[in-house]
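Start counting the sequence shown at 1; every next residue gets the next number (the UniProt record's numbering). Glycine is no exception: its CB is placed at the ideal position from the N, C-alpha and C atoms.
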Amino acid sequence: MAANEGDDATVSLVDVLEEDEELENEASAVLGGSDSEKCSYPEGYVKRQALYACNSCTPKGGEPAGICLACSYKCHEGHELFELYTKRNFRCDCGNSKFGDMECKLFAEKDKLNTENKYSHNFFGLYCTCDRPYPDPEDQIPDEMIQCIICEDWLHGRHLGCAVPESVELQEMVCESCMNKAPFLWIYAAHLAVPPTTKESPCKAEDGVKIEEENKEDEKDRGEEASTSPVDEKVKVNGTIGCKRRHQEMEEGSPAGSVECRLRELKALGKRRAEVGAVFWPSAWRAKLCLCNGCKKLYAEAGVAFLPDEADTVLAYENKGKITEQAGGTGGRDPLMSALDNLNRVQQLEIIHEYNDMKTELKDYLQRFAEEGKVVTPEDIRHFFEQQQTRKRRRANAGQYYCS
Ligand SMILES: [Zn+2]
Ligand SMILES: [Zn+2]
Ligand SMILES: [Zn+2]
Ligand SMILES: [Zn+2]
Ligand SMILES: [Zn+2]
Ligand SMILES: [Zn+2]
1 MAANEGDDAT VSLVDVLEED EELENEASAV LGGSDSEKCS YPEGYVKRQA
51 LYACNSCTPK GGEPAGICLA CSYKCHEGHE LFELYTKRNF RCDCGNSKFG
101 DMECKLFAEK DKLNTENKYS HNFFGLYCTC DRPYPDPEDQ IPDEMIQCII
151 CEDWLHGRHL GCAVPESVEL QEMVCESCMN KAPFLWIYAA HLAVPPTTKE
201 SPCKAEDGVK IEEENKEDEK DRGEEASTSP VDEKVKVNGT IGCKRRHQEM
251 EEGSPAGSVE CRLRELKALG KRRAEVGAVF WPSAWRAKLC LCNGCKKLYA
301 EAGVAFLPDE ADTVLAYENK GKITEQAGGT GGRDPLMSAL DNLNRVQQLE
351 IIHEYNDMKT ELKDYLQRFA EEGKVVTPED IRHFFEQQQT RKRRRANAGQ
401 YYCS
């Protein structure tokens with residue numbers, strides 16, 4: 001890799017090492033407001049928190065259970081954990097009746113069960129409509145896992161029944177099954193969401209077929225969002241996303257002060273879209289959901305009362321954990337951070353969770369560049385992360401899947 005002076009895409013070793021601090025900020029964004037010291041149980045059903053399931057304590061075949069971040073460190077050290085990213089309205093199960101004799105070291109005085117917790121196959125390390133582990137040793141097709149914001153399951157991009165937009169990070173996805181459980185969302189989808197991009201049935205996307213091309217025509221519709229990178233937002237907004245979003249909505253000319261039912265208005269316009277496949281929503285779409293009493297009842301009946309609440313979003317959660325990111329200074333995105341951004345969320349989480357182990361290895365890796373007097377490029381960093389992933393997958397294969 002030729003290291004050329006003045007090239008934006010190259011970065012010196014010193015620059016990379018200085019990123020340490022920023023990487024830690026990134027970790028705090030993904031782990032959000034989750035406390036790594038105290039069990040979250042006393043806080044009750046936490047609006048959103050990083051969550052784990054322990055395959056050593058509560059394996060498949062038994063009762064599913066979820067544990068908080070602090071318990072994953074303190075009570076399940078060395079156990080085989082599934083990282084579930086974040087889930088809403090969950091209360092830590094660590095050491096309750098689902099764990100037999102095992103006691104929580106941080107908060108032992110728990111009720112036997114948390115009756116309001118919702119569980120899924122994710123708690124046994126299985127994901128998507130295809131019910132597979134991640135990473136999947138039997139699946140060689142590179143694909144991205146995307147979390148449905150309603151059921152919070154993770155789905156393969158190719159199992160969504162629609163083309164995946166390029167700027168997925170900026171968008172919330174609702175899977176087809178959840179769309180059908182809250183069918184009024186189809187009306188909103190016809191007006192607000194990214195239109196389905198395939199001309200024929202979007203369900204026909206075959207495994208492994210590249211569908212990126214089909215998204216190109218969408219580009220111009222998203223121009224506005226593209227100008228607001230998530231990082232700018234995190235820096236500038238600093239916990240007041242709500243205001244920004246309301247402002248944005250005003251610009252788009254929504255009927256402010258209207259007491260009519262927004263849903264009824266949209267229905268009257270008669271615009272429809274094919275009611276198949278997952279739906280990708282642009283940022284701020286939740287602020288456009290009607291809040292009349294009739295609609296609130298609809299949300300409650302469909303089990304999606306959290307939808308109009310901006311604080312429910314993963315973005316809001318990440319901002320909570322994103323403490324002080326110094327404003328200005330560096331001018332533009334750093335290539336290392338961009339490389340990290342380009343990995344999907346599960347990969348990001350895996351990387352960040354093992355960050356401390358990795359830090360030493362990363363420094364050793366970078367040291368070689370220093371010794372050879374080479375400049376580190378974003379490709380080098382990406383290569384390092386990929387090596388880490390492969391190594392991890394191999395470990396997982398050796399352990400979990402040896403018998404199959
Ligand atoms: Zn806990
Ligand atoms: Zn355990
Ligand atoms: Zn515990
Ligand atoms: Zn799948
Ligand atoms: Zn869903
Ligand atoms: Zn309404």
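Any contact of the region 102-120 with the region 134-150, i.e. 3+ C-beta pairs under 8 Å?
No: fewer than three Cβ pairs fall under 8 Å.
Determine the contact status of S72 and Y52, defining contact as a CB-CB distance below 7 Å.
Contact: yes.
Who sits around ligand 4, taking every residue whose Cβ is closer than 5 Å to one of its heavy atoms?
Qualifying residues come out as C128, C130, H156, H159.
Can you check which of these residues, K181, Y41, S97, is closest to Y299 by C-alpha distance?
Checked all of K181, Y41, S97; the closest Cα to Y299 is K181.
Which same chain residues end up closer than 8 Å to Y188 when comparing Cβ atoms and leaving out the 5 residues on each side of it in sequence?
Cβ neighbours of Y188 beyond the five flanking positions: L263, L266, W285, K288, L289.
Would you say the region 84-102 touches the region 54-61, given that touching needs at least three Cβ pairs under 8 Å?
The answer is yes - the region 54-61 touches the region 84-102, with three or more Cβ pairs under 8 Å.
Taking all protein chains shown into account, do 16 or more other C-beta atoms lie within 10 angstroms of the C-beta of C130, making it buried, or fewer, making it exposed?
Exposed, since its Cβ has fewer than 16 Cβ neighbours within 10 Å.
Unbroken beta strand (DSSP E) runs of length 3 or more, entirely within the region 105-150: which are they?
Listed in chain order, they are 145-147.
Just to confirm my understanding: we take Q400, look at its own chain, exclude 5 residues before and 5 after, and list those with CB closer than 6 Å. What are they?
A caution first: Q400 carries a pLDDT of 35, below 50, which makes its placement in the model unreliable, though a value can still be read off. Hits under 6 Å: none found.
C54: beta carbon under 6 Å from a heavy atom of ligand 3?
Every heavy atom of ligand 3 is 6 Å or more from the Cβ of C54, so no.
Per DSSP, which residues does Y52 bridge with? Please list them.
Answer is I67, E83, bridged to Y52.
Please look up how many angstroms separate the CB atoms of F385 and V376, rounded, as I've assumed it's under 8 Å.
The Cβ separation is near 13 Å, so there is no contact.
Name all residues in chain order for which at least one heavy atom of ligand 3 lies closer than 5 Å to the residue's CB.
In chain order, the hits are C71, C75, C94, C104, L106.
Going by DSSP, what residue range makes up the beta strand (DSSP E) through W281?
279-281 is the span of the beta strand (DSSP E), which, as asked, contains W281.
Considering only their Cβ atoms, is the gap separating D35 from G66 smaller than 7 Å?
No.
DSSP on N96, reduced to helix/strand/coil?
The answer is coil: DSSP assigns N96 none of H, G, I, E or B.
Just mark N293 as buried or exposed, buried being the case when its beta carbon has 16 or more other beta carbons within 10 Å.
N293 should be labelled exposed.
I'd like to check one pair, E176 with G161: are the Cβ atoms closer than 7 Å?
Contact flag set, yes.
Between which two residues does the beta strand (DSSP E) carrying H76 extend?
Element bounds for H76: n/a, residue is neither H nor E.
What is the C-beta distance between Y64 and Y119, in whole angstroms, given that I count them as a contact (C-beta under 8 Å)?
Note on residue identity: the sequence assigns Pro, not Tyr, to residue 64. With a Cβ gap of about 4 Å, P64 and Y119 count as contacting.
How is M179 classed by DSSP in three states: helix, strand or coil?
Three-state result, M179: helix.
Do M102 and I146 have their CB atoms nearer than 7 Å?
No, they are not a contact pair.
Looking only at its own chain, which residues have a Cβ that is under 7 Å from the Cβ of F184, when we skip the five neighbours before and after it?
Only L263, L298 meet the Cβ criterion.
Could you name the residues that DSSP lists as bridge partners for W154?
Q147, per the DSSP bridge assignment.
Taking the alpha helix (DSSP H) that E265 falls in, what are its first and last residues?
Counting along the chain, the alpha helix (DSSP H) containing E265 begins and ends at 262-269.
Can you tell me which of the three DSSP states G294 falls into?
It is helical.
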